[in-house]
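Asker:
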Amino acid sequence: MIPSLPPEAWQALTLSLKVSLWATLASLPLGLLTAHALARWRFPGHGLLNGLVHLPLILPPVVTGYLLLLAFGRQGWIGAPLWDWFGVTFAFRWTGAALAAAVMSFPLMVRAIRLAIEAVDPRLEQAAATLGAPAPVVWLTVTLPLILPGIIAGAILAFAKAMGEFGATITFVANIPGQTQTLPTAIYSFLQIPDGESAAWGLALVSVAVAFLALALSEGLSRRVAARIAGR
Amino acid sequence: MSAGIDLENVCCDFGTFRAVDNANVSIRPGEFFSFLGPSGCGKTTILRMVSGFIEPTQGVIRIGGEDVRGKRPNQRPTALIFQNLALFPLMPIWENISFGLEVRGVDKATRRKKAEDLLQLVDLPGAADKMVSQLSGGQKQRVAIARALAVEPQVMLLDEPLSALDLKLRQHMRAELRAIQQRTGVTFIYITHDQGEALAMSDRVGVMSQGSIQQIADPREIYNNPVNGFVASFVGENNVFQGEVQHAAAGMASFTTPHGQFRARLGDLSGKIGKLYVRPEHTIITATPAAENSVPVTVSDISFEGSFIAVHATSDTGAHLTSELRNDGSATVPEKGVRVHMSFDPARAAILPDANVRG
Ligand SMILES: Nc1ncnc2c1ncn2[C@@H]1O[C@H](COP(=O)(O)OP(=O)(O)OP(=O)(O)O)[C@@H](O)[C@H]1O
Ligand SMILES: [Mg+2]
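These protein sequence lines map, in sequence, to chains A and B.
Sequential numbering of the first sequence, starting at 387, is according to our numbering.
Sequential numbering of the second sequence, starting at 57, is according to our numbering.
Below is the structure:
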């Protein structure tokens with residue numbers, strides 16, 4: 387039933403897992419901060435920030451990839467100084483694939499976390515404050531436990547989105563086997579070559595398996611958290 | 057330890073809207089003080105200023121004599137109990153109660169002991185390991201109080217804490233709260249729009265309307281000697297007569313109304329127009345006119361209220377008047393549709409101005 391996969395396919399799968407994991411973990415702190423800012427703070431530019439975060443969801447992924455290339459390419463206005471000063475580049479590297487995946491999945495992560503934060507009754511936090519807790523303690527002891535299911539859901543959603551990201555990735559970092567070829571771009575490549583169909587089919591099955599695993603993980607985790615909220 | 061609270065010329069604006077206008081009150085250490093007023097009159101805003109969630113636009117707030125401007129909520133010796141109680145859903149009861157101690161770095165064994173002592177105090181022993189969702193409304197109420205008491209606040213601020221409870225439980229918790237306050241000696245500032253609650257529990261009551269404190273006095277004084285029509289009508293029922301002051305002497309005045317000439321105590325009108333207020337239980341119903349302050353009326357309805365009987369009547373000018381007769385056999389209850397006379401003692405009626413609001 388499961389066709390044996392050529393080495394490039396396995397490479398693509400492990401790269402995709404690495405890229406998605408990094409994309410998710412690295413964007414999580416910024417995602418938390420952004421979600422918190424959007425949910426709780428009133429400041430000038432609130433609407434602008436909200437629009438910016440959601441932009442990758444609305445733009446064609448190819449356009450996002452192209453914009454990333456313009457900004458983070460060797461000659462890009464962020465990419466050039468990064469290369470000149472630190473010798474760091476995202477262009478045509480797996481880190482670039484991770485950046486593209488992070489940008490594309492960021493809106494989903496922020497939305498999930500923001501909803502969770504908005505669902506927290508601010509009076510709980512205020513109650514903690516009148517009991518003597520300074521703001522960081524309030525956040526750690528009251529807010530964080532309550533929004534944990536939302537953070538988990540946001541992270542898993544972002545991970546799944548990163549696993550499937552195609553357009554921005556291929557535009558930004560191309561499709562170099564072993565370097566930037568992720569699971570979707572590999573499937574695409576296999577479909578382009580004669581006799582590649584069985585490998586494409588194998589990778590498709592793997593994608594489904596990964597998706598189910600992520601879903602099961604998220605369900606299991608949120609059920610455990612929900613059980614805690616309901617009282618053990 | 058308990059502290060007094062002073063509000064000196066405190067105002068709070070939200071944009072151009074003045075939610076609290078020039079509040080001046082001195083609450084004594086260990087006092088049970090209530091702010092009473094209708095929805096939107098600025099009660100919660102006062103509590104939020106005292107607890108430090110908002111700063112007054114003008115004026116000074118002192119807690120224990122110390123100016124608390126600029127102090128954050130966690131730096132003030134106050135504990136606020138919210139209307140919805142705001143118990144932490146993920147923590148068992150004992151952790152809820154000892155949250156404030158944990159913040160202060162108290163060790164677990166001491167925290168646990170303190171939580172159990174407090175559960176004893178609020179009459180909820182054995183609930184330490186339950187979760188919030190397993191408690192009833194009244195039990196949650198007690199936990200919220202215990203949690204606030206755990207940090208040994210000098211002032212407890214309570215924002216309509218009983219409003220979510222049913223009538224019976226509310227009445228029970230009134231007595232309970234009062235008892236806890238007496239036992240601990242902590243200053244309580246209690247907010248409510250329920251006059252029964254305020255009168256029954258408080259040492260003193262501040263009645264508010266549209267951001268202004270109308271009167272500060274003990275419950276009896278508020279009820280028996282309201283300073284204006286707002287206080288008279290908000291706290292208890294009244295029959296109101298419009299008219300004009302004629303002769304005033306020695307605190308009494310005669311008052312000309314469409315129903316005739318009445319005599320009553322004269323309140324501080326300060327040049328404003330007054331109305332005459334008399335409580336239903338201070339009127340009597342007779343078959344023949346009384347010597348003074350007597351209005352001929354037609355009985356339109358009788359309602360039996362248990363401890364008293366309310367007689368609803370209409371005067372010749374169409375005004376609706378109410379008389380309350382004690383249900384102890386001392387009064388003869390008239391029949392519906394009968395013509396009778398309603399009268400009242402001049403000493404029990406007062407001519408008062410409307411509310412004191414800005415302008
Ligand atoms: N953050 C705010 N921004 C603007 N207006 C506000 C704000 N908070 C309160 N107000 C207004 O100030 C007034 C007083 O509000 P407050 O919450 O103090 O009333 P309250 O007496 O507690 O009423 P209730 O009994 O309904 O709780 C209201 O008219 C309210 O709309
Ligand atoms: Mg309120």
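Ideal Cβ positions, reconstructed from N, Cα and C, are used throughout, including at glycine.
Using a Cβ-based criterion (distance less than 7 Å to any ligand heavy atom), does Lys328 (chain B) qualify as near ligand 2?
Answerer: Residue mapping note: residue 328 (chain B) aligns to position 272 of the second sequence, counting from 1. It does not: the Cβ of Lys328 (chain B) is nowhere closer than 7 Å to a heavy atom of ligand 2.
Asker: Taking the alpha helix (DSSP H) that Leu173 (chain B) falls in, what are its first and last residues?
Answerer: As a first step, residue 173 (chain B) is located in the second sequence; it is residue number 117 there, counting from the start. What sits at residue 173 (chain B) in the sequence shown is Asp, not Leu. From DSSP, the alpha helix (DSSP H) with Asp173 (chain B) extends over Lys164 to Leu177.
Asker: Excluding five sequence neighbours on each side, which residues of the same chain lie with their C-beta closer than 7 Å to the C-beta of Thr529 (chain A)?
Answerer: Residue numbering aside, residue 529 (chain A) sits at position 143 when the first sequence is read from its first letter. Within the same chain, Thr529 (chain A) has close Cβ partners Val506 and Glu511.
Asker: For Val242 (chain B), name the three-state secondary structure that DSSP assigns.
Answerer: What you label residue 242 (chain B) is simply residue 186 of the second sequence in a count that begins at 1. Correct three-state label for Val242 (chain B): coil.
Asker: Examine chain B for any beta-carbon lying closer than 8 Å to the beta-carbon of Pro430 (chain A), and answer yes or no.
Answerer: For this step, residue 430 (chain A) is matched to residue 44 along the first sequence. So no, Pro430 (chain A) is outside the interface.
Asker: Using the beta-carbon count (16 or more within 10 Å), is Val124 (chain B) buried or exposed?
Answerer: Locating residue 124 (chain B) in the second sequence gives position 68, counting from the first residue. So Val124 (chain B) ends up on the buried side.
Asker: Taking only beta-carbon positions, decide if Gly156 (chain B) is within less than 8 Å of chain A.
Answerer: As a first step, residue 156 (chain B) must be located in the second sequence, where it is residue number 100. True, the Cβ-Cβ gap to chain A drops below 8 Å.
Asker: Quick one: measure Cβ to Cβ for Val211 (chain B) and Gln251 (chain B), integer angstroms, because I've assumed they're closer than 8 Å.
Answerer: Residue mapping note: residue 211 (chain B) aligns to position 155 of the second sequence, counting from 1. Residue mapping note: residue 251 (chain B) aligns to position 195 of the second sequence, counting from 1. Wrong, their Cβ atoms sit about 23 Å apart, outside the cutoff.
Asker: Kindly list the residues whose CB is nearer than 8 Å to the CB of Ile538 (chain A), restricted to its own chain and excluding five residues on each side of it in sequence; keep chain order.
Answerer: Working through the first sequence from its first residue, we reach residue 538 (chain A) at position 152. Result list for Ile538 (chain A): Ser604, Leu607, Ser608 and Val611, in chain order.
Asker: Does any residue of chain B bring its CB to less than 8 Å from the CB of Arg509 (chain A)?
Answerer: Here the question's residue 509 (chain A) lines up with position 123 in the first sequence. Output row for Arg509 (chain A): interface = yes.
Asker: Which residues in chain B sit within 7 Å of Gly536 (chain A), going by Cβ to Cβ distance?
Answerer: Taking the first residue of the first sequence as 1, we reach residue 536 (chain A) at position 150. Those within 7 Å of Gly536 (chain A) in chain B number zero; the least Cβ separation is about 14 Å.
Asker: Any beta carbon of chain B sitting closer than 8 Å to that of Thr529 (chain A)?
Answerer: For the purposes of this step, residue 529 (chain A) is taken as residue 143 along the first sequence, with counting starting at 1. Chain B contact via Cβ: absent.
Asker: Quick one, which of B:Asn349, B:Val355, B:Asp62 and B:Lys170 has its alpha-carbon nearest His376 (chain B)'s?
Answerer: If you number the second sequence from 1, residue 376 (chain B) lands on position 320. Per the Cα distances, B:Val355.
Asker: How many angstroms separate the CA atom of Ala487 (chain A) from the CA atom of Gly518 (chain A)?
Answerer: For the purposes of this step, residue 487 (chain A) is taken as the residue at position 101 of the first sequence. For the purposes of this step, residue 518 (chain A) is taken as the residue at position 132 of the first sequence. Spanning the two alpha carbons is a distance of roughly 42 Å.
Asker: What are the start and end residues of the beta strand (DSSP E) that includes Arg321 (chain B)?
Answerer: Along the second sequence, read from residue 1 onward, the residue named residue 321 (chain B) stands at position 265. Gly316 to Leu322 is the span of the beta strand (DSSP E), which, as asked, contains Arg321 (chain B).
Asker: What does Asn130 (chain B) reach in chain A if we use C-beta pairs closer than 9 Å?
Answerer: By one-based count along the second sequence, residue 130 (chain B) stands at place 74. Ala514, Ala515, Thr516, Leu517, Gly518, Ala519, Pro520, Ala521, Val523 and Val524, listed in chain order.
Asker: Scan the segment 186–212 of chain B for residues whose Cβ lies nearer than 9 Å to a Cβ of chain A and list them as they occur along the chain.
Answerer: Listed by position along the chain: Lys186, Met187, Val188, Ser189, Gln190, Ala200, Arg203, Ala204, Ala206, Val207 and Pro209.
Asker: Hey, quick one: how far does the alpha helix (DSSP H) through Ile201 (chain B) stretch, first residue to last?
Answerer: The residue you call residue 201 (chain B) lines up with position 145 of the second sequence. Run containing Ile201 (chain B): Gly193 to Ala206, per the alpha helix (DSSP H) assignment.
Asker: What does the Cβ neighbour count give for Val178 (chain B), buried or exposed, with the cut at 16 atoms within 10 Å?
Answerer: Counting from one through the second sequence, the residue named residue 178 (chain B) turns up at place 122. Result: buried.
Asker: Find the nearest neighbour of Ala204 (chain B) within the set B:Leu223, B:Ile149 and B:Asp222, judged by alpha-carbon distance.
Answerer: As a position in the second sequence, residue 204 (chain B) is number 148, starting the count at 1. Per the Cα distances, B:Ile149.
Asker: Which residues in the same chain have their Cβ closer than 7 Å to the Cβ of Gly93 (chain B), if we skip the five residues on either side of it in sequence?
Answerer: As a first step, residue 93 (chain B) must be located in the second sequence, where it is residue number 37. Hits under 7 Å: Lys99, His249, Val263, Met264 and Ser265.
Asker: Distance, Cα to Cα, Arg478 (chain A) vs Asp185 (chain B)?
Answerer: Reading the first sequence from its first residue, position 92 is the one you call residue 478 (chain A). Reading the second sequence from its first residue, position 129 is the one you call residue 185 (chain B). Looking at the sequence itself, residue 478 (chain A) is Phe, so the reference to Arg does not match. Cα to Cα, the separation comes out at about 57 Å.
Asker: If you measure from the beta carbon of Thr134 (chain B) to each beta carbon in chain A, is any gap under 8 Å?
Answerer: Looking up residue 134 (chain B) in the second sequence gives position 78. Closer than 8 Å to some Cβ of chain A, the Cβ of Thr134 (chain B) qualifies, so yes.
Asker: Given Pro535 (chain A), which residues of its chain have a CB within under 6 Å of its CB, disregarding the five upstream and five downstream residues?
Answerer: Taking the first residue of the first sequence as position 1, residue 535 (chain A) is located at position 149. Same-chain partners within the cutoff: Ser608 and Val611.
Asker: Give the C-beta separation of Ala554 (chain A) and Pro447 (chain A) to the nearest angstrom, bearing in mind that I take them to be a contact with Cβ-Cβ under 8 Å.
Answerer: Looking up residue 554 (chain A) in the first sequence gives position 168. Looking up residue 447 (chain A) in the first sequence gives position 61. About 4 Å separates the two Cβ atoms, so the contact holds.
Asker: Based on the DSSP secondary-structure assignment, which residues constitute the bridge partners of Gln271 (chain B)?
Answerer: Taking the second sequence and counting its residues from 1, the one referred to as residue 271 (chain B) is at position 215. Looking at the DSSP assignment, Gln271 (chain B) forms a beta bridge with B:Val263.
Asker: Which residue marks the beginning of the alpha helix (DSSP H) containing Thr568 (chain A), and which one marks its end?
Answerer: As a first step, residue 568 (chain A) must be located in the first sequence, where it is residue number 182. No alpha helix (DSSP H) holds Thr568 (chain A); DSSP gives it neither H nor E.
Asker: Just the Cα atoms here: how many angstroms apart are Asp581 (chain A) and Ala395 (chain A)?
Answerer: For the purposes of this step, residue 581 (chain A) is identified with residue 195 of the first sequence, where counting begins at 1. For the purposes of this step, residue 395 (chain A) is identified with residue 9 of the first sequence, where counting begins at 1. Cα to Cα, Asp581 (chain A) sits roughly 14 Å from Ala395 (chain A).
Asker: Does the distance between the C-beta of Ser95 (chain B) and the nearest non-hydrogen atom of ligand 1 fall short of 7 Å?
Answerer: In the second sequence, counting from the first residue as 1, residue 95 (chain B) sits at position 39. Within the cutoff, so yes.
Asker: Please report the distance separating the alpha-carbon of Ile61 (chain B) from that of Ser82 (chain B).
Answerer: Locating residue 61 (chain B) in the second sequence gives position 5, where the first residue counts as 1. Locating residue 82 (chain B) in the second sequence gives position 26, where the first residue counts as 1. For Ile61 (chain B) and Ser82 (chain B), the distance between alpha carbons rounds to 6 Å.
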